[in-house]
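The structure appears below as structure tokens.
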Amino acid sequence: MGVAKNGNGVMKWKDENISGMQSQRLTVFSSPAREKYFSQHVPLHKAALKGDWEAAENLLSEDCSLAKASITEGGETALHVAALEGHASFVANLLDRMEASDLEAQNNKGSTALCFAAAAGHVDVAKLLVQKNPNLPTISGFEGVTPLYMAVLQAHSEMAHYLFSLPAFEFWTTDHQIALLTTAIDSGLYGLAMSIVDQHKTLAVIEDSNGETPLQVLARKPSAFCGSSGLQGLWDTSIATRILSHIKLKTPKNSAQCDAYKLLGYLWDSVISQEDVETAQIVGNTSKLFFVAAEAGNDEFLVELIRRYPDFLYKVNQSKHSIFHIAVLHRYVRVFNLMHELVGVKELIATYIDKDGNNMLHLAAKLSPQNQLNSIPGAALQMQREVLWYKEVEKIVQPLYRDMKNKSRPHTLRHIPGGARKLDERRRKTDEADGKIVHAGDDAHRDCRLHHCLHGSSNSVVFHFNVDVPVHTDVRYTEKDFLNSLPFWLVIGVGSLFISIVAMMVAFCTCLLSYEHGLVAATALLAFFASVPIMFIILKYELFGHCTALHIWLSMVISVKQSIVLLKV
């Protein structure tokens with residue numbers, strides 16, 4: 000490093016040393032080094048990728064320095080490459096030719112071979128490396144990340160538990176420890192998270208760099224608990240599920256879900272056992288995570304918290320929303336169903352008014368979040384659920400609230416539900432439902448005309464019928480029609496279209512057989528055209544299934560009274 004002056008006499012620092020990567024590139028492109036790179040480094044790189052020790056041994060016997068030489072543009076050695084690919088036998092043979100200090104070699108981004116093995120989850124390779132050099136777990140890699148953190152970030156449970164069992168974690172700073180804990184929860188490594196909290200209980204109340212405590216991270220993961228799903232109870236309330244619930248059969252929990260419940264209890268016990276934390280501070284922090292769980296639709300988490308601290312039921316967030324107001328706003332069926340476990344409390348919470356003057360019915364009149372709308376295909380079925388939500392919330396609130404205006408002065412009934420956008424969707428879906436019946440009638444009528452033209456007579460037993468399908472598309476639908484009428488006719492329309500396609504294929508194939516062009520040719524054509532109804536079923540299966548299921552079950556989803564036993568001891 001030196002000092003130089005520019006043309007204006009200003010002092011500037013001049014770096015006399017070229018960076019490692021630039022130096023390596025210059026070395027590679029120099030004539031002697033270039034020959035060595037392609038004759039030795041590239042073959043060794045290929046051997047390390049494939050785990051071909053025989054080829055690597057031949058190269059190392061010619062030049063033993065290749066064992067610790069950088070063989071890639073990124074500065075990786077053969078040990079880096081083999082560790083990343085998980086070739087344990089190759090690594091073991093290579094370690095016999097290296098010193099312990101050679102294992103601390105880092106690539107251009109600062110990662111050791113153990114970092115590579117940890118990121119890939121190769122425990123057998125990691126054990127070989129640590130056995131050779133026990134200091135490796137303490138050496139940070141890219142951006143100061145340790146091998147243990149890399150394993151947790153990639154959700155490699157076995158690797159994370161192995162590296163955590165080493166003494167390096169004890170020397171971490173508190174910031175790094177809490178970062179590892181919250182990352183473990185985010186990655187679903189709940190067993191490891193319990194081990195971390197077991198060693199350092201104070202971490203249960205510490206916030207990470209994102210301002211989240213471990214409980215808050217767990218609160219926004221509804222998938223960690225059984226009983227929660229992305230559709231929020233749409234299919235959980237099916238007939239089969241209800242039958243199983245009556246015969247006392249429980250949904251089996253996997254080990255990760257069991258660990259999530261244990262971790263929740265473990266973190267809660269650790270929080271309330273902190274002697275140096277005031278009760279008010281604990282309640283404030285846990286109230287925040289309570290609403291985090293509500294916004295994520297994590298009903299199982301909410302149930303566990305309410306059992307431990309029933310006062311949470313009366314808490315409101317900064318917008319003056321209770322968890323049930325949040326459930327209505329985000330359309331979380333399972334969270335909303337918790338209200339049915341309560342009697343007097345339900346009536347009290349239904350009277351809450353938020354800071355904008357909205358009651359619960361105002362929130363039900365708002366358009367659902369886009370992710371909830373995307374879970375149900377078609378504007379008609381989406382409209383059906385919107386109306387159903389409004390009707391269900393209307394049963395809970397006071398009659399006075401149905402005519403209440405908020406601060407922006409809109410009437411609740413004028414919202415129902417979703418405004419002009421929903422009206423446009425309703426009109427489009429009405430045309431679609433009626434259009435399917437029109438096409439079905441046209442197809443059937445065309446079948447008859449086709450056969451009559453081909454045969455020129457009316458004696459055919461198969462096709463001697465007259466089709467006249469009067470379809471009236473000028474039908475006016477009201478809001479209540481979306482609960483039953485329109486979804487029902489949509490199912491009829493899709494079913495009729497399928498039947499018409501099948502009838503058209505039968506008519507066409509029968510015409511082919513009647514001309515007797517040969518059994519082989521007729522069979523091939525029959526097989527080809529028979530695939531058309533099958534393709535129709537494949538393309539329309541999801542829509543037809545949603546129509547049928549929603550028409551039969553959706554009216555029971557919100558009003559179902561689940562026995563969750565909130566106040567279970």
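Taking numbering that gives the first Met the number 0, the leading residue of the sequence shown gets 0, the next gets one more, and so forth. All C-beta atoms, glycine included, are put in the ideal place defined by N, C-alpha and C.
Counting C-beta pairs with one atom in each stretch, the segment 337-355 and the segment 367-376 have fewer than three that are closer than 8 Å, which means they do not touch. Residue range T173 to D185 is occupied by the alpha helix (DSSP H) that includes D185. DSSP places K261 within a helical segment (H, G or I) once states are collapsed to three.
Counted as a single uninterrupted DSSP element, the alpha helix (DSSP H) harbouring H324 occupies residues I322 to H329. Less than 8 Å divides the Cβ of I184 from the Cβ of L217. In this structure, G187 lies away from F141, with their beta-carbon atoms at least 8 Å apart. Annotated three-state conformation of S110 is coil, per DSSP. By the CB criterion at 8 Å, A363 and L489 fall outside the cutoff.
Shortest Cα-Cα distance from Q317 to any of F289, D298 and L301 involves F289.
Taking 8 Å as the upper bound for CB-CB distance, A295 and I322 are not in contact here, some 11 Å apart. Going by beta carbons, K319 and Y351 fall inside the 8 Å limit. The Cβ-Cβ distance between V122 and E157 falls below 8 Å.
The C-alpha of E211 is placed about 19 Å away from the C-alpha of Y260. With contacts defined by Cβ atoms closer than 8 Å, N405 and G356 form a contacting pair.
Following the DSSP letters along the chain, one finds S60 inside the alpha helix (DSSP H) bounded by residues W52 to E61. Looking only at T71, K131, C114 and E75, the smallest Cα-Cα distance to N92 is reached by K131. Boundaries of the alpha helix (DSSP H) harbouring G343: G343 to I348, taken from the DSSP string.
Closest option to F163, judged by alpha-carbon separation, among P136, F89 and V302: P136. Within the segment 72-124, the alpha helix (DSSP H) runs of at least 4 residues that lie entirely inside it are, in chain order, 77-84, 87-94 and 112-119.
For the 8 Å CB-CB criterion, P146 and C114 form a contact. Taking the CA atoms as reference points, A82 sits about 15 Å from G73. Ranked by Cα distance from Y265, the first of R330, V196, I205 and P221 is V196. Relative to P221, the option among A119, D310, I305 and Y331 whose CA is nearest is Y331. If you draw a straight line from the Cα of L328 to the Cα of F497, it is about 38 Å long.
For K390, the closest of L360, S367, N370 and P368 by C-alpha to C-alpha distance is L360. In this structure, A118 keeps its C-beta atom at 8 Å or more from the C-beta atom of V124. Per DSSP, H40 is not a residue of any alpha helix (DSSP H), being assigned neither H nor E. Within the DSSP bridge table, the entry for S69 names T76 as partners. With a 10 Å radius around the Cβ and a threshold of 16 neighbouring Cβ atoms, Q198 comes out exposed.
A direct Cα-Cα distance of roughly 47 Å separates D207 from L59. Rounded to the nearest angstrom, the gap between the Cα atoms of F224 and Y189 is 11 Å. In the DSSP assignment, K220 is bridged to no other residue. Assigned with DSSP and collapsed to three states, K404 falls in strand.
For the 8 Å CB-CB criterion, T111 and E103 form a contact.
In the three-state DSSP reduction, Y308 falls in the coil class, being neither helix nor strand. With respect to the 8 Å criterion, L43 and L65 are classified as neighbours on the basis of their beta carbons.
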